[in-house]
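**Q** Sequential numbering from 262 applies to the sequence shown in the numbering used here.
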Amino acid sequence: MDASVSKIWYYAITLFSPAMLKLLFSGSVAIVSNTYSLYELPGKTIKIQQRVYGKPKLNFLILHDDENTGKEAAEIYCSLIGGSITELCYGEVRNITFRNKKGNYAFDPNQMFESTGLYKSMRFYSKQAPTAKEIQPVRSLADSLLQRYKNLHTNCFITLHNNSEGNFNINSYLSGKLKTVADSVYVNPLMDADDLIFVTEASYYTYLQRMEINVMLQSTQAIDGSLSVYAQQRRIPYINIEIQHGHLTENLRLILVVEQMLKQLKMI
């Protein structure tokens, strides 16, 4: 679909209910590839699922298997315009758990991209400290996921995350422990504070601020296992569209904002 049609949908999207959006755009652009690979942790099978719709411009990555609003928004967008969705499937819960002879281990999949951050995540969510024997298979899972995603020749990482009412929002970066994470923060008081975009590029921040979108620019951070820091340290542009569960229309609107931004900046 051409850019003019995409821009029309950016302005019209708020007129449609989530149910109507699903009905309108289901199957508009064909899925040209639907593949998966299985990765085994002790007592746990993880599926890396990848769907490609038409000729993709935006390539979405979904790390948490219980964050379905972002997934639904990506499916609608890809059905309308084309794109790809790469996701981890492991039981529709937030954390991944597995068990070996030493006991149960759990970790946040958004903290598995560096060993130091992964250790801290596993130590926090598990009863016992992990060793290299537990760390290495998870690091291999992270590498396998990124290899599948990078095979799409994407020039930036675009992740989709969902949050819950009151637990986390754009104001979380203005004070408290998350304040040091943010280099700059723009808050639009007319937007729901739970809906925001998190970026690592100053040019992205400037564009989104101009569009009056809740946006946070990440400061230079120490290794914590997250994909945003992994990308930042490797100078890979990173975008996280963070939306409250159930805000499907807004999720899709912000995806369209990101698409227009990347076109303006000649990234796609």
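Think of the CB as a built atom: it goes at the ideal place given N, C-alpha and C, for glycine as much as any other residue.
Once DSSP output is grouped into helix, strand and coil, what is the label at Q470?
**A** Helix.
**Q** Pick out whichever of N432, R355, A483, R495 has its Cα sitting closest to the Cα of P417.
**A** A small fix is needed here, since residue 417 is Cys in this sequence, not Pro. Cα-wise, what sits closest to C417 is R495.
**Q** Just the C-alpha distance for T461 and G304, rounded to the nearest angstrom, thanks.
**A** C-alpha separation (whole angstroms): 36 Å.
**Q** Assuming the contact rule is C-beta atoms closer than 8 Å, V290 and I323 should be a hit. Round their C-beta distance to whole Å, please.
**A** Going by Cβ atoms, the distance from V290 to I323 rounds to 19 Å, so no, they are not a contact pair.
**Q** Would you report the Cα separation of N295 and M477, rounded to the nearest angstrom?
**A** About 33 Å.
**Q** Could you name the residues that DSSP lists as bridge partners for M477?
**A** In the DSSP output, where bridge partners are listed per residue, M477 has V446, F459.
**Q** Pair every Cβ in the segment 481 to 495 with every Cβ in the segment 423 to 432, then say whether three or more of these pairs are closer than 8 Å.
**A** The segment 481 to 495 is not in contact with the segment 423 to 432.
**Q** Which word fits R514, buried or exposed, when buried means at least 16 other C-beta atoms lie within 10 angstroms of its C-beta?
**A** Its Cβ being crowded by 16 or more others within 10 Å, R514 is buried.
**Q** Taking just the CA atoms, how far does S445 sit from V354?
**A** If I take the Cα positions, the gap works out to 31 Å.
**Q** What is the residue span of the beta strand (DSSP E) that N295 lies within?
**A** Residues 292 to 302.
**Q** Per the contact definition of three or more C-beta pairs closer than 8 Å, is the segment 377 to 392 in contact with the segment 349 to 366?
**A** Verdict: yes, contact present.
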